[in-house]
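Trainee: In terms of full-length UniProt numbering, the sequence shown has 499 at position 499, counting the first letter as 1, and numbering is strictly consecutive.
The beta-carbon is built from N, C-alpha and C at its ideal position, and this holds for glycine as well.
Bear in mind the structure is a predicted one, so any value in this text is a computation, not a measurement.
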Amino acid sequence: MDIGALLTSAGINIAICVVLLSLYSILRKQPSNVSVYFMRRLISEPIKHSDPFRFERLVPSASWIVRAWQATNEEILAAGGVDALVFLRIVVFSIRVFIIAAMICVFLLLPVNYYGQEMQHKQIHSESLEVFTIGNVKEGSKWFWTHCLALYVISCSACVLLHFEYKNITKMRLAHITGSPVNPSHFTVLVRSIPCSQNHSYSKSVEDFFSTYYPASYVSHQMVYRAGRVDKLMKDAEKMYRMLKTIESTTKKSYMPCCLCGKSTHSFEALNNDAESVEIKTSSDELQPSQREKKLKISEQKDVEKIYRKLKTIETQNKMSSTPGCLCGGIMHYFKMLKKEAESVECKTSSDRSQPSQTDKERPAAFVFFRTRYAAIVAAQVLQSSNPMLWVTQLAPEPNDVYWSNLSIPYKQVWLRKIATLLGAFVFMFVFLAPVTFVQGLTQLDQLRQTFPFLKGILKQKFMNQLVTGYLPSVILMLFMYAVPPTMMLFSTIEGNVSHSERKKSAGIKVLYFTIWNVFFVNVLSGSIIRQLSVFSSFRDIPTQLAKAVPTQATFFTTYVLTSGWASLSCEVIQLFPLLCNGFRRFILRRQEEPCSNHALTFPHHTEIPRLLLFGLLGFTCSIMAPLILPFLLVYFFLAFLVYRNQILNVYVPKYESGGQFWPVVHNTTIFSLVLTQVIALGVFGIKRSPVASGFTIPLIFLTLLFNEYCRQRFSPVFKRSPAQYRFL
């Protein structure tokens, strides 16, 4: 690939970014899109929608960039919580470390690489990108000390900044533990794998166990039950409430004649009767001794009260409205009929509830409540039984964080599920070799002409040549990569994680491993699938193979940063799928009411963190091998800083908080990237016959691993276990 192909790819992606960002600045000003671009603000504070039309709405502006840049950490913390602030610290860390890398590599190593061979250079737009890599430096050159120096500067800067961020984020997490408002989860322990007894129920077993071993601190417990009719009724009530909101908006002032008769119907009066019947039904349900009903009683009553208040308002507004009846000539009371139907549903539900006993519904899991946070910490971290597979305890997730459907999974199945999902992820990873191999075939023009002879005429055109080799491969790979996060999220759900945060963290780790393997290693060791599987037959050859391959594939990684980085951020800010759904809802379904908080999006940590870490890996490994990638990478991180701050402030709504639980994954991946960079540099220095540079690189590897061990001992335990000292405060 030459400079012209790279500039073609850069030009296309710059045009896409400018168009999408300009379109976003216009769309965000339209009142009909407030639920797409200001959902968080729509939920937290009222927003006026009836602004008169102004010409400024159709003019692109950069006001959102200024607002995102000026936002303080306190505003970010208030809008997105600790997780959002920690995520932005990843972006800030990347900006800082790659500014240092760009200054030393672009101004020192790039000229050394370019003039590394005694050769006649072409015009700059016709130069191959390989002349800017370390592969252009001749063997035995005395200038390899510059690469070794740059490697030391980048590694030391990254370690210092990592220590600074790890220390600050640890303090932030501890401040979150002590300063967060009192939450029921602070006093609650989730108990799983409760042993089965023929003499008494699971509930009795839990009460006896914790009353015996925690008599002073145990308060009560709540069993987990198998989903039944109550859950279905709750979902039906929620659907009915949304339907009634639609009825209110469409029939608020309608006087519609009936089909045949000529009299009026009091629809909303009847709905009121139905709501009263639902309220009576709920009151009768509260008298049942079942603990499942006791648990759902409060939330069910609140939902019905909301429906009842809404219907009262509708009834007042429509009290004098009348429409002709349907068949009879008299007034038709729809809701008196619905009342009878609700009574029949109530009788049916009561009979269904009486069929299975409450004991049969119990699952071997329970929430146990303690008097103090300290007692809950101790109970969660102590081994409760001589058999580690029984009475398994952990701190309960936040109420909004609980993934209820997985609580019923027997704990003894969890390890089997994890092995099965791990095997499934491996199979999916190797199946993905086919599209990656196809993508790499597009970057090799000679092989492409031999495989597809009919393309020779098309590829002779200069623009098509640059388009196929410079832009198309990264686009195809990016499109295939969109199937990875949903698949990994499915695997993480099957694993049996009991909280949304654990499920998202597990999916993020799988996506991270998948992208590092397929985007980096498979592309570096490109060729046939047999070659990709056999290239690691000897671990002794790994540094040599990587040293030969990374400089040649650095050009593809540069175009991948342009396509998957710049373009993906533009798509992120414009929110294409929610925008299409909003247009369909407003202009096709004619529903003008704003969606409720249940439709709000949460921040996709499981997709964005792996992308940031992958670009960090590409930046570290290519920094001294092909420094030309660093300016494009810095543009991506600066744009990511603005886009993600804007999305956190306006779009994404945090429903739960993990306290920056994913930072150790970021730290470990960064250390892996540094060590991999040093191993590749060691192989390059060996191939290029520079013993001095090789000798100085070996101690750097051990120092980096020693630094990682220090951080693991000093900071990592705070993220694995909750300190009782801070919990007690």
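Put Pro364 into one of helix, strand or coil per three-state DSSP.
Mentor: Start at 1 with the first residue of the sequence shown, and residue 364 comes out as number 364. Reduced to three states, the DSSP call for Pro364 is strand.
Trainee: Leaving out five residues before and five after Ser157 in sequence, what residues of the same chain have Cβ atoms less than 7 Å from its Cβ?
Mentor: Within the sequence shown, the letter at position 157 stands for residue 157. Around Ser157: Val97, Ile100.
Trainee: Looking at Tyr636 and Leu561, is the spacing between their C-beta atoms short of 7 Å?
Mentor: Here residue 561 refers to the residue found at position 561 of the sequence shown. Here residue 636 refers to the residue found at position 636 of the sequence shown. In the sequence as displayed, the identity of residue 561 is Val instead of Leu. Taking 7 Å as the Cβ cut-off, Val561 and Tyr636 qualify as a contacting pair.
Trainee: Tell me the rounded alpha-carbon separation between Pro111 and Leu6.
Mentor: Counting from 1 along the sequence shown, the entry for residue 111 is found at position 111. Counting from 1 along the sequence shown, the entry for residue 6 is found at position 6. Going by the C-alpha atoms only, they are around 19 Å apart.
Trainee: Roughly how many whole angstroms lie between the Cα atoms of Ile12 and Met389?
Mentor: The residue given as residue 12 occupies position 12 in the sequence shown. The residue given as residue 389 occupies position 389 in the sequence shown. In a straight line, the C-alpha of Ile12 is about 56 Å away from that of Met389.
Trainee: How about Leu589: is its C-beta nearer than 7 Å to some C-beta of chain B?
Mentor: This model lacks chain B altogether, as it is built from one protein chain only.
Trainee: Looking at the strands, I want to know which residues DSSP matches up with Thr188.
Mentor: The residue given as residue 188 occupies position 188 in the sequence shown. BP columns for Thr188 point to Phe369.
Trainee: Only counting runs of 4 or more residues, tell me where the alpha helix (DSSP H) segments fall wholly within the stretch 472-499, in order along the chain.
Mentor: Counting only runs of 4 or more, we get 472-481, 484-495.
Trainee: Measure the C-alpha to C-alpha separation of Pro215 and Asn406 and round it to an integer number of angstroms.
Mentor: Taking the first residue of the sequence shown as 1, we reach residue 215 at position 215. Taking the first residue of the sequence shown as 1, we reach residue 406 at position 406. Taking the straight line from one Cα to the other gives about 30 Å.
Trainee: Contact defined as beta carbons within less than 8 Å: I believe Asn113 pairs with Asn582. What is the distance between those atoms, to the nearest angstrom?
Mentor: As a working note, residue 113 is residue 113 in the sequence shown. As a working note, residue 582 is residue 582 in the sequence shown. 50 Å between Cβ atoms; not a contact.
Trainee: For a quick check, are the C-beta atoms of Arg67 and Glu165 less than 7 Å apart?
Mentor: In the sequence shown, counting from the first residue as 1, residue 67 sits at position 67. In the sequence shown, counting from the first residue as 1, residue 165 sits at position 165. It is not a contact, given that the beta carbons lie outside the stated cut-off.
Trainee: Pick out whichever of Arg54, Ala62, Gln413 has its Cα sitting closest to the Cα of Tyr24.
Mentor: Counting from one through the sequence shown, the residue named residue 24 turns up at place 24. When only C-alpha atoms are compared, the closest one is Ala62.
Trainee: Which whole-angstrom value is the C-beta distance of Ile409 and Gly496, which I expect to be below 8 Å?
Mentor: Stepping through the sequence shown from its first residue, residue 409 is reached at position 409. Stepping through the sequence shown from its first residue, residue 496 is reached at position 496. Their Cβ separation, rounded to whole angstroms, is 5 Å, which keeps Ile409 and Gly496 in contact under 8 Å.
Trainee: Would you mind working out which of Ile509, Met478, Leu479, Ser203 sits nearest residue 738, comparing C-alpha positions?
Mentor: Because the chain in this structure spans residues 1 to 729, residue 738 falls outside the shown range and cannot be described.
Trainee: Assign Tyr652 to one of two classes, buried (16 or more other C-beta atoms within 10 Å of its C-beta) or exposed (fewer than that).
Mentor: Taking the first residue of the sequence shown as 1, we reach residue 652 at position 652. It is buried - the Cβ of Tyr652 has at least 16 other Cβ atoms within 10 Å.
Trainee: Let me know if Gln553 comes out buried or exposed under the rule of 16 or more other beta-carbons within 10 Å of its beta-carbon.
Mentor: Working through the sequence shown from its first residue, we reach residue 553 at position 553. With 16 or more other Cβ atoms within 10 Å, it is buried.
Trainee: Quick one: Cα of Glu343 to Cα of Tyr225, how far?
Mentor: Position 343 of the sequence shown, counted from the start, is the residue given in the question as residue 343. Position 225 of the sequence shown, counted from the start, is the residue given in the question as residue 225. With a pLDDT of only 44 at Glu343, under 50, the local geometry of the prediction cannot be trusted, and the value read off the model is given with reservation. Rounded to the nearest angstrom, the two C-alpha atoms are 26 Å apart.
Trainee: Could you tell me the distance, in whole angstroms, from the CA atom of Phe715 to the CA atom of Ser474?
Mentor: Looking up residue 715 in the sequence shown gives position 715. Looking up residue 474 in the sequence shown gives position 474. Phe715 and Ser474: Cα-Cα distance of roughly 38 Å.
Trainee: Quick check: what's the CA-CA separation for Ala567 versus Glu130?
Mentor: On the sequence shown, residue 567 is found 567 positions in, with the first residue counted as 1. On the sequence shown, residue 130 is found 130 positions in, with the first residue counted as 1. For Ala567 and Glu130, the distance between alpha carbons rounds to 25 Å.
Trainee: Would Ser722 and Ile377 qualify as a contact pair, given that the criterion is a beta-carbon distance under 7 Å?
Mentor: Within the sequence shown, the letter at position 722 stands for residue 722. Within the sequence shown, the letter at position 377 stands for residue 377. Taking 7 Å as the Cβ cut-off, Ser722 and Ile377 qualify as a contacting pair.
Trainee: By alpha-carbon positions, which one of Leu676, Asp208, Ile65, Val189 ends up nearest to Leu639?
Mentor: Indexing the sequence shown from 1 puts residue 639 at position 639. Checked all of Leu676, Asp208, Ile65, Val189; the closest Cα to Leu639 is Ile65.
Trainee: DSSP three-state call for Cys347: helix, strand or coil?
Mentor: Stepping through the sequence shown from its first residue, residue 347 is reached at position 347. Because Cys347 sits at a pLDDT of 45, beneath the cut-off of 50, its placement in the model cannot be relied upon, and the point is left open.
Trainee: Quick check on Phe55: buried or exposed, where buried means 16 or more other Cβ atoms within 10 Å of its Cβ?
Mentor: Counted from its first residue, the sequence shown places residue 55 at position 55. The residue is exposed, with fewer than 16 neighbouring Cβ atoms inside 10 Å.
Trainee: If you run the structure through DSSP and keep just helix, strand and coil, what is Leu601?
Mentor: Position 601 of the sequence shown, counted from the start, is the residue given in the question as residue 601. In the structure shown, Leu601 sits in coil (DSSP, three-state: anything other than H, G, I, E or B).
Trainee: Using CA atoms only, rank isn't needed, just tell me which of Pro31, Thr697, Phe209 is closest to Val191.
Mentor: What you label residue 191 is simply residue 191 of the sequence shown in a count that begins at 1. Checked all of Pro31, Thr697, Phe209; the closest Cα to Val191 is Phe209.
Trainee: At 4 residues or longer, and completely inside the stretch 137-182: list those alpha helix (DSSP H) runs for me, N to C.
Mentor: The qualifying runs are 144-179.
Trainee: I need the boundaries of the beta strand (DSSP E) containing Met103, first residue and last residue.
Mentor: Residue mapping note: residue 103 aligns to position 103 of the sequence shown, counting from 1. Taken as a continuous stretch (DSSP letters only), Met103 belongs to no beta strand (DSSP E), being part of the alpha helix (DSSP H) at 73-104.
Trainee: Based on Cα-Cα distance, which residue from His667, Leu706, Pro654, Gly619 lies nearest to Phe631?
Mentor: In the sequence shown, the residue the question calls residue 631 occupies position 631. It should be noted that the sequence gives Pro, not Phe, for residue 631. If we check each option's Cα against that of Pro631, Gly619 comes out closest.
Trainee: Taking Asn400 and Tyr656 to be in contact with their CB atoms under 8 Å, please state how far apart those CB atoms are, rounded to whole angstroms.
Mentor: Here residue 400 is taken as the residue at index 400 of the sequence shown, counted from 1. Here residue 656 is taken as the residue at index 656 of the sequence shown, counted from 1. Yes, they are in contact, since the Cβ atoms of Asn400 and Tyr656 sit about 5 Å apart, within 8 Å.
Trainee: Val643 and Thr170 - do their beta-carbons sit closer together than 7 Å?
Mentor: Residue 170 sits at position 170 when you count from the first residue of the sequence shown. Residue 643 sits at position 643 when you count from the first residue of the sequence shown. For Thr170 and Val643, no; Cβs fall outside 7 Å.
Trainee: Are the CB atoms of Leu479 and Pro610 within a distance shorter than 7 Å?
Mentor: Counting from one through the sequence shown, the residue named residue 610 turns up at place 610. Counting from one through the sequence shown, the residue named residue 479 turns up at place 479. No, they are not a contact pair.
Trainee: Taking the alpha-carbon positions, what's the Val206 to Leu703 distance?
Mentor: Numbered from 1 along the sequence shown, position 206 holds the residue referred to as residue 206. Numbered from 1 along the sequence shown, position 703 holds the residue referred to as residue 703. Distance between the alpha carbons of Val206 and Leu703: 50 Å.
Trainee: Let's test the definition: count the other Cβ atoms within 10 Å of the Cβ of Glu362 and tell me whether it reaches 16, buried, or not, exposed.
Mentor: The residue you call residue 362 lines up with position 362 of the sequence shown. So Glu362 ends up on the buried side.
Trainee: Which of the three DSSP states, helix, strand or coil, is assigned to Gln394?
Mentor: The residue you call residue 394 lines up with position 394 of the sequence shown. Strand at Gln394.
Trainee: Taking Leu85 as the reference, give the member of Phe641, Ile701, Leu20, Tyr710 with the closest Cα.
Mentor: In the sequence shown, the residue the question calls residue 85 occupies position 85. Considering only alpha carbons, the answer is Phe641.
Trainee: With burial defined as no fewer than 16 other Cβ atoms inside 10 Å of the residue's Cβ, what is the status of Cys17: buried or exposed?
Mentor: For the purposes of this step, residue 17 is identified with residue 17 of the sequence shown, where counting begins at 1. That one is buried.
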